[in-house]
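Colleague: With this note's numbering as the guide, the letters of the sequence shown map in order to residues 21 to 460. First the structure, which I've put down as structure tokens, then a few questions once you've had a look.
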Amino acid sequence: MREYAVVLLAAALVTFLATPVVRVAAVRFRVMAAVRDRDVHVIPTPRGGGVAMYLGVAAGVLVASQLPSLQRSFEFNTQTVGVLVAGGLICLLGVLDDRFGLDALTKLTGQIAAAGVMVLFGVQLSFLFLPFADIGTLSLGPDVGVPATVLLTVLTVNALNFIDGLDGLAAGVSAIAAVAFFAYSYHLGLVGYDDVASAPALITAVLAGACLGFLPHNFSPARIFMGDSGSMLVGLMLSAAAVSATGQTDSQTLGSAANLLPLTLPLLVPVAVLFIPFVDLLLAVVRRSLRGQSPFAPDKMHLHHRLLSIGHSHRRAVLIMYFWAALLSFGAVALSITGGTVEVLVVIGALLVVGVMVVLSPRARREAIAARQSELAAMKQRSRAAHPANGNTRPREAPPAASGDAPARPTAASPTAASPTATSPTATPPTPAPTAGVRR
């Protein structure tokens, strides 16, 4: 565990120190995120922070290769090296997209190519357990395992890209997911199912360090965005960790692993860890397809946008997403480690209730304020109606005559019917009308 901590700190430190340099280079080469209608930032901001994150990942892998205990993860397989090579390719693709704005087909082709490189180094789905209709464990050959791995990688890459909409959101959620995957992989090594120095544990350790080192520069107000170079890199590494930790083993052999839920958790853990990005991706695809739009068409209806529309502030919306990502991720890992004890289930249930209340708190507060204002208005109306002076109404003056209408007939109370002494001294007395029957 101490060597993993060293690797994590090395990745975090290199990322933290490299990010300001990358930011200066992004401003110099005009790799900037312009302000768009669907964005929440108000000034153009540099992007391309994924380059600093990749440097941190590479530094963490280099340090791990020099540590005695972690060298075993390089001796028995090439998965870590494959992830590093594929991550460099997809990071380069993201830099080109950050600078020139590639079309969706070009990005999709590049993502498939990077996933294919990762598969060539041994990162591939080999087993899949389906707890339905007594199907059991399916052994996937290359004709099925390779396309399934590529599909999972592409979905994860785009899911992380979709949630990268608020300052610090993608980096924080990715760090939480990486730490949860690390805990799951490390526990499998501790109980003797896998080696402690395993590829998925090392991949998630360096990824968590890179995300944590980048987060101080990216949290609201962000000084730099990770861009597609960062979100696609993170998605690829999370997909590689999920495949390495759960997709290359027969889950029915996990019965001896310290009360694990052997038949469901190898499938449940990656789904729970990546639940927030996958749900956002699914909702976006369904929403845009129903509108007749492309699934890649941008809009302002993602989960974080909905939190903002409810009334949460920018930082509060990000923290709420952190909370749900941590609850789902570590809840699934806790179930896998403890076997689903009553205490763990009660804690998870209580936190679920708290999370729902926190999410809906602005709406409940607005409804309470509106109800109170309506009650006060009704009380004022009733008090006015019951006031004694409300019965003594004063006569209103006649409205002034509109232009073109006949003048109103003077009344006894009007100034025109007053006595001559009440008239102005300079006023000309009116000419008396002729009397009937008298000739002049």
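Just so it is clear, CB atoms sit at the ideal spot from N, CA and C, and this is done for glycine as well.
Look at the Cβ atom of residue 219, then the Cβ atom of residue 170, and state whether they are nearer than 8 Å.
Modeller: Mapped onto the sequence shown, residue 219 falls at position 199. Mapped onto the sequence shown, residue 170 falls at position 150. No, they are not a contact pair.
Colleague: What's the gap between the Cα of residue 112 and the Cα of residue 246?
Modeller: Here residue 112 is taken as the residue at index 92 of the sequence shown, counted from 1. Here residue 246 is taken as the residue at index 226 of the sequence shown, counted from 1. So the alpha carbons of these two residues sit roughly 13 Å apart.
Colleague: Taking DSSP's pairing of strands, which residues face residue 94 in a bridge?
Modeller: In the sequence shown, the residue the question calls residue 94 occupies position 74. Looking at the DSSP assignment, residue 94 forms no beta bridge with any residue, so it has no partner.
Colleague: Assuming residue 204 and residue 356 make a contact with CB atoms under 8 Å, what is their CB distance in whole Å?
Modeller: Here the question's residue 204 lines up with position 184 in the sequence shown. Here the question's residue 356 lines up with position 336 in the sequence shown. Confirmed, about 6 Å.
Colleague: Between 354, 87 and 377, which lies nearest to residue 367 when the distance is taken from Cα to Cα?
Modeller: Mapped onto the sequence shown, residue 367 falls at position 347. Taking only the C-alpha atoms, the option nearest residue 367 is 354.
Colleague: Can you tell me whether residue 52 is helix, strand or coil according to DSSP?
Modeller: Here residue 52 refers to the residue found at position 32 when the sequence shown is read from its first residue. Residue state, collapsed to three classes: strand.
Colleague: Which residues does DSSP pair with residue 66 in a beta bridge?
Modeller: Looking up residue 66 in the sequence shown gives position 46. In DSSP, residue 66 forms a bridge with 52.
Colleague: Quick one: what's residue 148 bridged to in DSSP?
Modeller: The sequence position of residue 148 within the sequence shown is 128, counting from 1. Answer is 158.
Colleague: Between the stretch 292-309 and the stretch 329-338, do three or more beta carbon pairs fall short of 8 Å?
Modeller: no
Colleague: Between the C-alpha atoms of residue 146 and residue 47, what's the straight-line distance to the nearest angstrom?
Modeller: As a working mapping, residue 146 is identified with position 126 in the sequence shown. As a working mapping, residue 47 is identified with position 27 in the sequence shown. Answer to the nearest angstrom: the Cα atoms are 44 Å apart.
Colleague: Take residue 343 as the anchor and find which of 298, 373 and 105 has the nearest alpha-carbon.
Modeller: For the purposes of this step, residue 343 is taken as residue 323 along the sequence shown, with counting starting at 1. Among 298, 373 and 105, the Cα nearest to that of residue 343 is on 373.
Colleague: What is the DSSP secondary structure of residue 436, counted as helix, strand or coil?
Modeller: Counting from one through the sequence shown, the residue named residue 436 turns up at place 416. Any answer about residue 436 is weak, because its pLDDT of 43 lies below 50 and its placement is not dependable; what the coordinates show is given next. Here residue 436 sits in helix by DSSP.
Colleague: On a CA-only basis, which of 159, 98, 174 and 67 is nearest residue 110? Give me that one, please.
Modeller: Stepping through the sequence shown from its first residue, residue 110 is reached at position 90. That would be 174, whose Cα lies nearest to the Cα of residue 110.
Colleague: Quick one: Cα of residue 140 to Cα of residue 102, how far?
Modeller: Counting from 1 along the sequence shown, the entry for residue 140 is found at position 120. Counting from 1 along the sequence shown, the entry for residue 102 is found at position 82. Spanning the two alpha carbons is a distance of roughly 8 Å.
Colleague: Contact between the stretch 228-238 and the stretch 28-42: three or more CB pairs below 8 Å?
Modeller: Note that the stretch 228-238 touches the stretch 28-42; at least 3 beta-carbon pairs, one per stretch, sit closer than 8 Å.
Colleague: With three or more C-beta pairs closer than 8 Å as the rule, is the stretch 184-201 touching the stretch 256-264?
Modeller: Judged by Cβ distances under 8 Å, the stretch 256-264 makes contact with the stretch 184-201, as three or more pairs qualify.
Colleague: For the structure I just gave you, are there three or more beta carbon pairs, one from the stretch 177-196 and one from the stretch 239-253, closer than 8 Å?
Modeller: yes
Colleague: Buried or exposed: which applies to residue 63, given that a residue is buried once 16 or more other Cβ atoms fall within 10 Å of its Cβ?
Modeller: Here residue 63 corresponds to residue number 43 of the sequence shown, with the count starting at 1. It is exposed - the Cβ of residue 63 has fewer than 16 other Cβ atoms within 10 Å.
Colleague: Could you name the residues of the same chain whose beta carbon sits closer than 8 Å to that of residue 52, not counting the 5 residues immediately before and after it, in chain order?
Modeller: In the sequence shown, the residue the question calls residue 52 occupies position 32. So the list reads 46, 64, 65, 66 and 67, once near-sequence residues are dropped.
Colleague: From 107, 207, 25 and 69, pick the residue whose C-alpha is nearest to that of residue 44; which is it?
Modeller: Taking the sequence shown and counting its residues from 1, one reaches residue 44 at position 24. When each option's Cα is compared against that of residue 44, the closest is 69.
Colleague: Could you please give the first and the last residue of the uninterrupted alpha helix (DSSP H) stretch that includes residue 349?
Modeller: Position 329 of the sequence shown holds residue 349. If you look at residue 349, you'll find it in the alpha helix (DSSP H) that goes 334-358.
Colleague: Among 188, 301 and 226, whose alpha-carbon lies nearest the alpha-carbon of residue 178?
Modeller: To locate residue 178, count along the sequence shown from 1; it is residue 158. Answer by Cα proximity: 301.
Colleague: Comparing C-alpha positions only, which one of 227, 241, 120 and 196 sits nearest to residue 100?
Modeller: Within the sequence shown, residue 100 is the residue found at index 80, counting from 1. Out of 227, 241, 120 and 196, 227 has the C-alpha closest to the C-alpha of residue 100.
Colleague: Roughly how many whole angstroms lie between the Cα atoms of residue 241 and residue 402?
Modeller: Mapped onto the sequence shown, residue 241 falls at position 221. Mapped onto the sequence shown, residue 402 falls at position 382. If you take the alpha carbons of residue 241 and residue 402, they lie about 49 Å apart.
Colleague: When the Cα atoms are used, what is the spatial distance from residue 363 to residue 114?
Modeller: By one-based count along the sequence shown, residue 363 stands at place 343. By one-based count along the sequence shown, residue 114 stands at place 94. Approximately 44 Å between the Cα atoms of the pair.
Colleague: Do residue 89 and residue 23 have their C-beta atoms closer together than 8 Å?
Modeller: In the sequence shown, counting from the first residue as 1, residue 89 sits at position 69. In the sequence shown, counting from the first residue as 1, residue 23 sits at position 3. Cβ distance < 8 Å, so residue 89 and residue 23 count as in contact.
Colleague: Report all residues from its chain with a CB closer than 7 Å to the CB of residue 74; omit the five preceding and five following residues, and keep chain order.
Modeller: Numbered from 1 along the sequence shown, position 54 holds the residue referred to as residue 74. Around residue 74: 107, 108, 111 and 253.
Colleague: For residue 131, count neighbouring Cβ atoms within 10 angstroms of its own Cβ and tell me buried if that reaches 16, exposed if not.
Modeller: For the purposes of this step, residue 131 is taken as residue 111 along the sequence shown, with counting starting at 1. The residue in question, residue 131, is buried, as its Cβ has 16 or more Cβ neighbours within 10 Å.
Colleague: Going by other Cβ atoms of all chains shown within 10 Å of its Cβ, with 16 needed for buried, is residue 127 buried or exposed?
Modeller: Taking the first residue of the sequence shown as 1, we reach residue 127 at position 107. Buried, by the Cβ-count rule.
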